[in-house]
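Down below is the structure, laid out as structure tokens.
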Amino acid sequence: MLNRESTGLIRHFFRAYPRRSALIIGLLILSGFSEGIGIVTLLPLLEVAVEESGSDAGDSQIMTVATDVLGRVGLEPTLGVLLGLVVAGMLLKGVFHWFAFRQVGYTVANVATDLRLMLIRALLQAGWGYFLSQRAGHLSNAIGNEAHRASNAYSNACSLMAGIIHVLVYFTIAVLVSPSVALVAVVAGGLIILLFNGMVAMTREAGQQQTILIKSLSARLIDALQALKPIKAMAQEAQLQPILEAETRELNEAQRRQVVASSTMAAFKEPLVVGILALGLFLVLTLTGVPFSGLLVMAFLFHRLVGKINSLQSTYSSIAVSESAFWSLRRSMELAEAERENIGEGLPAPSLERGISLRDVRFGYGDTDVLRGVTLDLPAGSFAAIVGPSGAGKTTLVDLVIGLYRPREGEIYIDDVPLGEIDMIEWRRGIGYVPQEMLLFHDSIYQNVTLGDLAIDHARAEEALRKAGAWEFVGRLPAGIDTVIGERGAKLSGGQRQRIAIARALVRQPKLLILDEVTTALDPATEAEICETLGELRGEVTVIAISHQPAITRVADRVYRIDEGLLLPVEPETVYAGAVRS
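My numbering numbers the first residue of the sequence shown as 321 and each following residue consecutively.
This is the structure:
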């Protein structure tokens with residue numbers, strides 16, 4: 321009944337949580353054993369009831385064993401004693417079952433948490449190149465929806481284990497009462513499972529489609545929300561809406577197929593079991609002389625055993641729905657782990673006291689070279705501007721300096737030490753980075769500047785804001801540094817957002833400040849103000865500024881131009897004059 325994916329999923333969970341799984345299985349065994357005590361007591365109880373009513377039922381083998389066992393502890397198999405044993409058995413069964421599934425509940429929460437943490441750690445340790453091929457919506461869906469569905473698979477796996485234990489208990493009792501009843505019940509249960517096996521396959525397929533569609537819908541929706549302003553500005557909602565609606569309807573159809581399969585099994589299994597039971601009772605009553613009490617117990621055991629066997633299929637179908645989410649999450653994890661970045665842990669920490677050097681650096685994407693033999697010397701404390709046309713490789717150059725990529729040829733040196741021979745985490749902790757596409761959070765200015773670092777107090781954040789030229793407007797806000805600035809900083813102007821981003825880069829007192837097109841979207845007056853602010857940092861920190869705009873070259877003490885993969889020094893006045901003439 322179990323396929324390879326389901327077996328692998330169950331094996332993974334039980335290996336990942338061996339102690340807790342062993343405890344749960346132990347409690348389930350005790351639960352099944354306790355239920356068995358209650359069921360075994362039913363036969364002598366019915367025989368006693370029949371005898372007290374004046375009928376001759378005859379003593380069964382179980383009645384003989386029960387009388388002997390009770391006699392050893394000084395009890396008689398009276399109606400009251402047997403009723404007490406039935407109640408005690410079922411009560412113990414309930415207690416052990418409650419303890420077992422309380423542990424299951426705790427473990428399900430841990431499973432979801434652990435899967436999310438494993439994926440988060442794998443993502444944070446992956447190299448930058450990994451993220452260029454991934455959609456944010458896929459990763460967000462994996463952490464949220466897929467982890468939740470995968471954790472439900474653990475709960476269903478425990479329910480499956482409980483069902484198997486209960487089937488074994490009922491089968492053992494049925495064999496003791498009547499081997500023929502046990503055999504017929506197993507055959508009947510197996511036939512019903514085969515009859516509804518197609519429904520399980522439909523459920524698995526529906527679960528797989530749900531995983532694919534939810535992942536696609538999540539990714540598309542996040543992409544759309546990030547670009548919602550231009551979409552609305554150009555009235556393109558009508559183009560986006562049909563795509564989202566089509567995937568939503570496909571998801572609905574997959575969920576409906578799952579519901580149809582589950583409902584079909586739930587609706588028709590019970591009538592089949594009752595029909596087989598009725599046929600069996602008719603044959604036994606007409607062809608045998610089984611005592612009435614024995615007949616009732618056999619009918620009860622048959623119904624319960626067949627029901628337990630078929631409940632395994634229903635539980636398994638729930639696993640089949642969840643397993644695709646687990647394996648999808650595992651694939652995301654494995655892809656991220658395969659792209660794990662070599663951070664040089666344990667290597668010397670850089671100091672950047674003398675400068676940064678690039679020697680014959682060559683780099684490209686695929687078969688196309690972006691940089692061809694770049695050589696550059698930047699003394700510590702210098703302010704370098706790198707200009708050039710779009711796509712020339714300016715951002716790629718700073719990505720290499722940061723260590724997000726490694727050169728195909730050549731080497732990058734920090735104080736004459738190759739970048740590959742230093743602790744990359746310590747190197748990046750000394751970098752302040754202002755990207756071209758800045759991201760501000762729907763939070764306070766203080767949280768946006770510190771990024772939640774509790775080691776940075778308000779005074780240090782204020783100092784960074786002053787250096788970035790932002791304190792003048794921050795001080796006038798209603799809550800000052802604690803003012804919430806809206807989604808992506810929507811309550812601030814473009815220049816104000818840019819200054820907050822610069823303050824974020826400066827608050828950790830970096831040794832290297834990288835500015836990637838920080839003035840591109842600003843008006844000339846705001847651009848001039850920010851460039852003046854940046855110029856005041858000259859000598860305090862090494863600055864590499866990338867720009868299409870000539871204004872940044874006015875405050876730089878050296879300017880380089882990238883064109884066709886080559887890096888050449890130019891005079892600032894030449895860049896500015898050329899830009900004006902063009």
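Just so you know, even glycine gets a beta-carbon here, dropped at the ideal spot from N, CA and C.
Between the segment 456–476 and the segment 485–497 there are fewer than three C-beta pairs closer than 8 Å, too few to call the two in contact. Going by C-alpha positions, Leu444 is about 54 Å away from Leu592. Look at the beta carbons and you see the segment 347–358 touching the segment 413–424: at least three pairs across the two are nearer than 8 Å.
Boundaries around Ser867 are those of the beta strand (DSSP E), 862–867, since no alpha helix (DSSP H) includes it. Within the model, the alpha-carbon separation for Gln767 versus Leu835 is close to 21 Å.
Assignment of beta-bridge partners to Glu731 by DSSP yields Arg679.
In this structure, Gly740 is the residue among Asp802, Gly740, Ile801, Arg819 with its C-alpha nearest to the C-alpha of Gly666.
Taking Ser326 as reference, the option from Ala473, Ser354, Gly693, Gly352 with the minimal CA-CA separation is Ala473. Going by beta carbons, Leu480 and Ile639 fall inside the 8 Å limit.
Secondary structure at Leu888: strand, using DSSP grouped into helix, strand and coil. For Trp448, the number of other beta carbons within 10 angstroms of its own is below 16, and it is reported as exposed. The three-state reading of DSSP puts Val875 in coil, since its state is none of H, G, I, E or B. Here His486 is buried. Its C-beta has 16 or more other C-beta atoms within 10 Å. Counted as a single uninterrupted DSSP element, the stretch harbouring Thr688 is not any alpha helix (DSSP H) but the beta strand (DSSP E) occupying residues 688–699.
With a threshold of 16 other beta carbon atoms within 10 Å, Ile751 meets it and is buried. A straight line joining the alpha-carbon of Leu625 with that of Pro499 spans about 13 Å.
In the assembly as shown, Glu891 is an exposed residue. Its beta-carbon has fewer than 16 other beta-carbons within 10 Å. Look at Ile820 here: in three-state DSSP terms it is helix. Taking the Cα of Glu782 as reference, the smallest distance to any Cα among Ser764, Arg828, Ile801 is reached at Ile801. Looking at the DSSP output, Arg858 bridges to Val861. Note that the segment 553–567 does not touch the segment 507–514; fewer than 3 beta-carbon pairs, one per stretch, sit closer than 8 Å. Taken through DSSP and simplified to helix, strand or coil, Asp763 comes out as coil.
Here the alpha carbons of Asp719 and Val769 stand approximately 22 Å from one another. Leu887 is a Cβ neighbour of Val694, given a cutoff of 8 Å. Arg881 is bridged by DSSP to Val707, Leu888. If you ignore the 5 residues before and after Leu672, its C-beta comes within less than 7 Å of the C-beta of Ala700, Ile734, Asp735, Gly750, Lys831, Leu832, Thr862, all in its own chain and listed in chain order. By DSSP's assignment, Gly684 forms a beta bridge with Asp689. The Cβ neighbour count for Asn662, taken over all protein chains shown within 10 Å, is under 16; the residue is labelled exposed.
Arg455 and Asp543 have their alpha carbons spaced roughly 9 Å apart. Ranking Ser341, Gly400, Phe416 by CA distance to the CA of Ser354 puts Phe416 first. Distance from the CA of Ile745 to the CA of Gly664, rounded to the nearest whole angstrom, comes to 8 Å. Each of Ala871, Phe419, Ile440 was checked against the Cα of Leu649, and the nearest Cα belongs to Ile440.
Your pair Gly772 and Arg819 does not check out as a contact, with CB atoms roughly 20 Å apart and the cut at 8 Å. Contact check between the segment 697–713 and the segment 645–660: fewer than three CB pairs, one atom from each, fall below 8 Å, which does not count as touching.
Straight-line measurement puts the Cα of Ala432 at about 39 Å from the Cα of Pro727.
Here the alpha carbon of Val504 sits roughly 24 Å from the alpha carbon of Ser637.
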